[in-house]
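In this note's numbering, the protein residues as written are 29 to 222. Glycine included, every Cβ here is placed at the ideal spot set by N, Cα and C.
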């Protein structure tokens with residue numbers, strides 16, 4: 029037996045369609061793994077493409093021809109086609125086993141600015157909702173903003189997974205109106221606080 033919902037909630041649920049794509053900004057940390065699991069389950073539910081974006085970090089704001097080679101950000105390397113191919117292969121291998129039999133997946137290795145690249149792909153219609161691992165409150169996101177500022181200013185639904193539990197979500201204004209589509213149950217989410 030299902031749960032009782034209000035007429036307004038029923039109207040929302042009745043008019044909800046399938047999402048056309050889910051975006052995931054990957055990060056190689058515990059919260060990033062939680063975000064991956066959630067984004068994959070969301071893509072499976074909606075039978076849509078999961079677009080995985082991975083960003084190469086640079087020590088420079090304007091120049092993107094030099095990026096960090098290691099996660100500790102001690103070594104840098106010039107970006108070459110061979111380097112891009114190697115990083116792309118590493119990213120695909122990282123997720124391949126965890127994707128299992130799910131094949132509706134796109135990978136994008138990004139050299140540019142987080143905010144600009146993600147917004148550009150959202151506007152093109154590559155995805156309808158963006159999922160990000162929530163490392164910590166006030167964590168740097170991109171060149172000159174925090175993860176909370178980015179999420180609140182983004183023009184589409186953003187779901188931050190974590191930072192302390194894999195089943196708790198922080199959502200922006202746009203995601204709050206689509207909780208049913210995003211499979212987020214009552215009591216398992218908060219609005220993002222700046």
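Secondary structure note for residue 70: its alpha helix (DSSP H) is the uninterrupted segment 58-74. Scanning its chain for C-beta atoms nearer than 7 Å, with the 5 sequence neighbours on each side dropped, one finds around residue 195 the residues 216, in chain order. Burial check for residue 144: the Cβ neighbour count within 10 Å stays below 16, so the residue is exposed.
Taking C-beta separations shorter than 8 Å and ignoring five residues to either side along the sequence, the partners of residue 85 in its chain run 95, 96 and 101, following chain order. For residue 135, the enclosing beta strand (DSSP E) has its first and last residue at 133-138. If you check the CB distance, residue 51 and residue 157 come in under 8 Å. DSSP lists 50 and 133 as the beta-bridge partner residues of residue 78. By the criterion of at least three beta-carbon pairs nearer than 8 Å, the stretch 169-185 is in contact with the stretch 195-207. The residues 52, 54 and 135, in chain order, have a CB closer than 6 Å to that of residue 80 in the same chain once the five nearest residues on each side in sequence are set aside.
165 is the residue among 165, 106 and 152 whose C-alpha sits nearest the C-alpha of residue 192.
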